[in-house]
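Only one structure is covered here, and it is reproduced in the block below.
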Amino acid sequence: MTEQTTVLVVEDEAQIARALQINLRVHGYDAVTAGSGEDALELAASRRMDIVVLDLGLPGMDGVEVIRRLRAWTEVPIIVLSARHGSEDKVEALDAGADDYVTKPFGLEELLARLRAAARRGPRAEENPRVQTGELSVDLAARRVVRRGEEVRLTPTEWSILALLVRRAGALVTQREILTQVWGPAYAKETQYLRVYLAQLRRKLEDDPARPRHLHTEAGMGYRFDP
Numbered sequence: 001m002t003e004q005t006t007v008l009v010v011e012d013e014a015q016i017a018r019a020l021q022i023n024l025r026v027h028g029y030d031a032v033t034a035g036s037g038e039d040a041l042e043l044a045a046s047r048r049m050d051i052v053v054l055d056l057g058l059p060g061m062d063g064v065e066v067i068r069r070l071r072a073w074t075e076v077p078i079i080v081l082s083a084r085h086g087s088e089d090k091v092e093a094l095d096a097g098a099d100d101y102v103t104k105p106f107g108l109e110e111l112l113a114r115l116r117a118a119a120r121r122g123p124r125a126e127e128n129p130r131v132q133t134g135e136l137s138v139d140l141a142a143r144r145v146v147r148r149g150e151e152v153r154l155t156p157t158e159w160s161i162l163a164l165l166v167r168r169a170g171a172l173v174t175q176r177e178i179l180t181q182v183w184g185p186a187y188a189k190e191t192q193y194l195r196v197y198l199a200q201l202r203r204k205l206e207d208d209p210a211r212p213r214h215l216h217t218e219a220g221m222g223y224r225f226d227p
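Going by full-length UniProt numbering, the sequence shown opens with residue 1, and the numbers climb by one from there.
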């Protein structure tokens, strides 16, 4: 490898984490470890990670929640490495956004092959989990919005809409895409939902909701977040 691939290993069992780190470094990877989901999110937000290898049974925040939070702002490949063998666990992890699932015990050669497959998807665009614009700060990794130095409380639905728009800052996101991703395919035509929630977001985030600086409507098409 001309440029090392950085792998974030999220594993609370210190011996397993250390063994993985040593073996990955021997095979040319830059391996970084985290013992909890919270630590993993902080590391992923503070430096570029090319692949995440993630255990599900973590202290505190469950591995599936870590996947969901990562997927709020990054498309980094996620390989689950877990002792959970049940199909429901695999389905939940994959539906949350994991790319692959390996069960423990595992063979090192198999894991290395899956890492190579993940790396072959090509370089990712640089991703920034924090957007700072004027007096408004949106931290996608921490799921936190601050305006004029004070935290803004958003409902889960308001946050889901804002996170989707912020991830695509400057680009039009169609009504159908927002409705499908936030509420599900059955709600693809329920555009009145968006009008209500965008109005709520503007009241919380804009100085003048009638003349929004950040949350713009493209009539009949969708919405756009402008930094």
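We put the CB at the ideal spot given by N, CA and C, even for glycine.
In the DSSP output, what is residue i paired with across the bridge?
i      : result
Arg121 : None, per the DSSP bridge assignment.
Ala14  : According to DSSP, which records beta bridges pairwise, Ala14 is partnered with nothing at all.
His216 : Arg224
Val196 : Answer by DSSP bridge pairing: none, since Val196 is not bridged.
Leu8   : Val32 and Val52
Considering only the beta carbon of each residue, do residue i and residue j sit closer than 7 Å?
i      : j      : result
Arg195 : Leu215 : no
Val52  : Leu112 : no
Gly107 : Arg71  : no
His85  : Thr74  : no
Glu11  : Ala19  : no
Gly222 : Thr174 : yes
Glu109 : Leu172 : no
Ile161 : Tyr197 : yes
Ala188 : Pro129 : no
Can you tell me the Cβ-Cβ gap for residue i and residue j, rounded? I've got them flagged as a contact below 8 Å.
i      : j      : result
Arg69  : Arg143 : 7 Å
Gln21  : Ala31  : 4 Å
Gly60  : Ser36  : 5 Å
Ala93  : Leu58  : Between Leu58 and Ala93 the Cβ distance is about 13 Å, and since that is not below 8 Å, they are no contact.
Ala119 : Thr5   : 5 Å
Leu41  : Ala141 : 5 Å
Asp39  : Val76  : Wrong, their Cβ atoms sit about 16 Å apart, outside the cutoff.
Leu43  : Leu81  : Not quite, the Cβ-Cβ distance comes to about 17 Å (not below 8 Å), so this is no contact.
Whose C-beta lies closer than 6 Å to the C-beta of residue i among residues of the same chain, with five residues either side of it excluded?
i      : result
Val166 : Val131, Val138 and Phe225
Lys204 : Val152
Leu24  : Val7 and Ala31
Val146 : Ser137
Ala169 : Phe225 and Pro227
Arg176 : Ala188
Thr191 : Gln175
Can you list, in chain order, the residues of its chain with a C-beta nearer than 7 Å to that of residue i? Leave out the 5 residues immediately preceding and following it.
i      : result
Arg114 : Ile79, Asp100 and Val102
Arg148 : Glu135
Trp159 : Arg143
His27  : Leu112
Val91  : none
Pro105 : none
Arg48  : Thr6
Identify, in the order they occur along the chain, each residue of the same chain with its Cβ nearer than 8 Å to the Cβ of residue i, setting aside the five sequence neighbours on each side.
i           : result
Arg213      : Gly134, Glu206, Asp207 and Asp226
Asp89       : Leu56 and Ser82
residue 279 : The structure shown does not extend to residue 279, since the chain is modelled only from 1 to 227, so the question has no answer here.
Thr2        : Low confidence applies to Thr2: its pLDDT is 45, below 50, so where it sits in the model is not reliable enough to give any reading.
Pro209      : Ala199, Arg202 and Arg203
- Item | beta strand (DSSP E) runs contained entirely in the stretch 128-186, provided each spans 3 or more residues | Complete beta strand (DSSP E) runs here, min 3: 130-133, 136-139, 144-147 and 150-152.
- Message: Which complete beta strand (DSSP E) runs does the stretch 40-102 hold, if anything under 3 residues is left out?
- Response: 51-54 and 78-82
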